[in-house]
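Undergrad: Just passing along the structure, written as structure tokens.
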Amino acid sequence: MQKLRTRMNWTRITQTRFNTERTWYIVCKPLTFAHHLLVGRGTQFDVQRKCIVLLKDQWLVALYTAEGKIYVRLRYRKVRHILSILAHGDAPGQRCGQEVPEVISGAIRRELLHTRVILDAVGKPLHHFASTWELVCAIQDLLVAPRDAFQNAKVLHRDMSEGNWIIVNSRGYLIDWELSKLLKSNHPRVAERTGTWQFMSIRLLKDSSVHEVRDDLEAAIWVLFWTLIKYAANSFDPPDRLRKLDMFEYKPQNPGFDKREFARPFGKAGLAAEGLDLDGPPQLVDLVEKLGVAIAANNNLSRSPGHSLETHDWILGTLNSALEDNEWKDLQDPAIENDVGKPVVEVEGSGSRKRKTLELPMDARGEYKKQRLCVEDEEGDADGEEQDAGEEVDESEVLEDPDYGELGQ
Numbered sequence: 378m379q380k381l382r383t384r385m386n387w388t389r390i391t392q393t394r395f396n397t398e399r400t401w402y403i404v405c406k407p408l409t410f411a412h413h414l415l416v417g418r419g420t421q422f423d424v425q426r427k428c429i430v431l432l433k434d435q436w437l438v439a440l441y442t443a444e445g446k447i448y449v450r451l452r453y454r455k456v457r458h459i460l461s462i463l464a465h466g467d468a469p470g471q472r473c474g475q476e477v478p479e480v481i482s483g484a485i486r487r488e489l490l491h492t493r494v495i496l497d498a499v500g501k502p503l504h505h506f507a508s509t510w511e512l513v514c515a516i517q518d519l520l521v522a523p524r525d526a527f528q529n530a531k532v533l534h535r536d537m538s539e540g541n542w543i544i545v546n547s548r549g550y551l552i553d554w555e556l557s558k559l560l561k562s563n564h565p566r567v568a569e570r571t572g573t574w575q576f577m578s579i580r581l582l583k584d585s586s587v588h589e590v591r592d593d594l595e596a597a598i599w600v601l602f603w604t605l606i607k608y609a610a611n612s613f614d615p616p617d618r619l620r621k622l623d624m625f626e627y628k629p630q631n632p633g634f635d636k637r638e639f640a641r642p643f644g645k646a647g648l649a650a651e652g653l654d655l656d657g658p659p660q661l662v663d664l665v666e667k668l669g670v671a672i673a674a675n676n677n678l679s680r681s682p683g684h685s686l687e688t689h690d691w692i693l694g695t696l697n698s699a700l701e702d703n704e705w706k707d708l709q710d711p712a713i714e715n716d717v718g719k720p721v722v723e724v725e726g727s728g729s730r731k732r733k734t735l736e737l738p739m740d741a742r743g744e745y746k747k748q749r750l751c752v753e754d755e756e757g758d759a760d761g762e763e764q765d766a767g768e769e770v771d772e773s774e775v776l777e778d779p780d781y782g783e784l785g786q
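Structural data, given as structure tokens:
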């Protein structure tokens, strides 16, 4: 392997094996800059095909099913709206840690494997939508993927989040399957809850319930709501917008309370989607109201039985009906960078409480890093919650596939 390093960038030539053939890739700088880690996603140039592909270079908990094997399974079972896998494998000799509890802190030290996956496309983030119609169309595509995975491959994604949804040529694709679960598994891999706290269902935030389809579907709705608050036209001023976005943050004292209070009005008859103050098209407002009612019903907040999130059918049908509106399709309302107020905390001073603007560091996209607004919340995520986990993919179920290979050094 040839390697060239510079101060600000790095490039190397690596290879993968496809049966007896070799495929060469030129790897450039990381694609994500918010991760202050040694590994992450990056772009590659496929020398043979002369196109840009995606390298996912990561350290994965050894007890998790290898993401490459999950992609192979999904591909074999004809799951739609996922990227095609070109190659995958572990970096030889790259293993660290061990699965033992820390005596002092009580935390669990994980055994980690250095793994790589190469996918066939690089998309744009969900929040770079060209119109709200394209946004909802992409989300409809993104929900086809977990439905196919659940029905055809018996896999549950378990990490529906804004960062795991991308748009390629105006269509949505679901990525990041490393936390997915095989339905036949019946034992936990790790003690703590896995997933993205900001978009977890209210039910999972409240207790250690087993992760189900309805939790992924509720998470998908929360992703839409978060994206509309942050990037769609609405009537919030910056401080109000910040307070709405803080609803998605994890509060250890009362997990899921803010989301529950936000969803409660949707369960009352006659209330529209006032919680988002959307300035967008009426078709979008109507869709948000229906999805909010579904969240309320999913958490027993509705006065009357609502639509079920037990399966993918209702939500896919609802999205499809909304997208049939040609007037909305022709509307040009692209994503905008809404102003978000600076966090304000109360501090003690001179015998009285004072309100102080908290200057938070910003990431590469100009967004405030995920930090708690309350001083007492700084401990972070809760622990001790059991989480269902996946098993290793049965290689006999995948079959030999000549179109993907294993990564070399």
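Using the working numbering, the first residue of the sequence shown is number 378, and each one after it goes up by one.
Here a beta-carbon is modelled for each residue, glycine too, at the ideal position from N, C-alpha and C.
Going by beta carbon distance, what residues of the same chain come within less than 7 Å of D592, once the five residues before and after it are set aside?
TA: S578, R580 and L581
Undergrad: Excluding sequence positions up to five away, which residues of its chain have a Cβ less than 6 Å from the Cβ of D474?
TA: In the sequence as displayed, the identity of residue 474 is Gly instead of Asp. The answer, listed in chain order, is R486, R487, E488 and L489.
Undergrad: Could you name the residues of the same chain whose beta carbon sits closer than 6 Å to that of D525, not counting the 5 residues immediately before and after it, in chain order?
TA: V456 and R457
Undergrad: Straight-line CA distance for F613 to E511?
TA: 23 Å
Undergrad: Note down the Cα distance separating A507 from D702, rounded to an integer number of angstroms.
TA: 17 Å
Undergrad: Starting from G470, trace the beta strand (DSSP E) in both directions and tell me its first and last residue.
TA: Its beta strand (DSSP E) spans residues I462 to C473.
Undergrad: Can you tell me whether A514 is buried or exposed, with buried defined as 16 or more other CB within 10 angstroms of its CB?
TA: Looking at the sequence itself, residue 514 is Cys, so the reference to Ala does not match. Flag for C514 reads buried.
Undergrad: Suppose the cutoff is 7 Å on Cβ atoms and the five residues either side in sequence are ignored; what does the same chain contact list for K531 look like?
TA: Only L559, L560 and K561 meet the Cβ criterion.
Undergrad: In whole angstroms, what is the alpha-carbon distance linking F643 and H491?
TA: Their Cα atoms are separated by approximately 45 Å.
Undergrad: According to DSSP, simplified to helix, strand and coil, what is Y550?
TA: strand
Undergrad: Can you list, in chain order, the residues of its chain with a C-beta nearer than 6 Å to that of V521? Leave out the 5 residues immediately preceding and following it.
TA: Closer than 6 Å at the Cβ level, and outside the excluded window around V521, lie R457 and H458.
Undergrad: By DSSP, does L556 sit in helix, in strand, or in coil?
TA: coil
Undergrad: By DSSP, does V590 sit in helix, in strand, or in coil?
TA: helix
Undergrad: Given a threshold of 16 other Cβ atoms within 10 Å of its Cβ, counted over all protein chains shown, does E687 qualify as buried or as exposed?
TA: Result: exposed.
Undergrad: Using the Cβ count rule (16 or more neighbours within 10 Å means buried), how would you classify E756?
TA: Unreliable positioning characterises E756 in this predicted model, as indicated by a pLDDT of 31, which lies under 50. The coordinate reading is nonetheless provided below. Result: exposed.
Undergrad: Determine, using beta carbons only, whether A610 and G657 come nearer to each other than 8 Å.
TA: Yes; because the gap between Cβ atoms is below 8 Å, this pair is in contact.
Undergrad: On the DSSP bridge assignment, give the partners of N611 in chain order.
TA: L655
Undergrad: Within 10 angstroms of its Cβ, does Q709 collect 16 or more other Cβ (buried), or is it exposed?
TA: By the neighbour-count criterion, in which a residue is buried when 16 or more other Cβ atoms sit within 10 angstroms of its Cβ, Q709 is exposed.
Undergrad: Throw me the rounded Cβ distance for the R618 and N715 pair, which I believe falls under 8 Å.
TA: 6 Å
Undergrad: Out of curiosity, what's the CA-to-CA distance linking Y441 and D553?
TA: 13 Å
Undergrad: Under the DSSP definition of a beta bridge, which residues are partnered with Q435?
TA: T492
Undergrad: For a quick check, are the C-beta atoms of D536 and T573 less than 8 Å apart?
TA: Going by C-beta atoms, D536 is nearer than 8 Å to T573.
Undergrad: The beta strand (DSSP E) with W542 in it runs from where to where?
TA: Annotation: the continuous beta strand (DSSP E) that includes W542 extends over W542 to V545.
Undergrad: Report the rounded CA-to-CA distance for D654 versus G718, giving the unit in angstroms.
TA: 17 Å
Undergrad: Taking K583 as part of the alpha helix (DSSP H), name the residues at either end of that continuous run.
TA: I579 to K583
Undergrad: For E539, count neighbouring Cβ atoms within 10 angstroms of its own Cβ and tell me buried if that reaches 16, exposed if not.
TA: Under this definition E539 is a buried residue.
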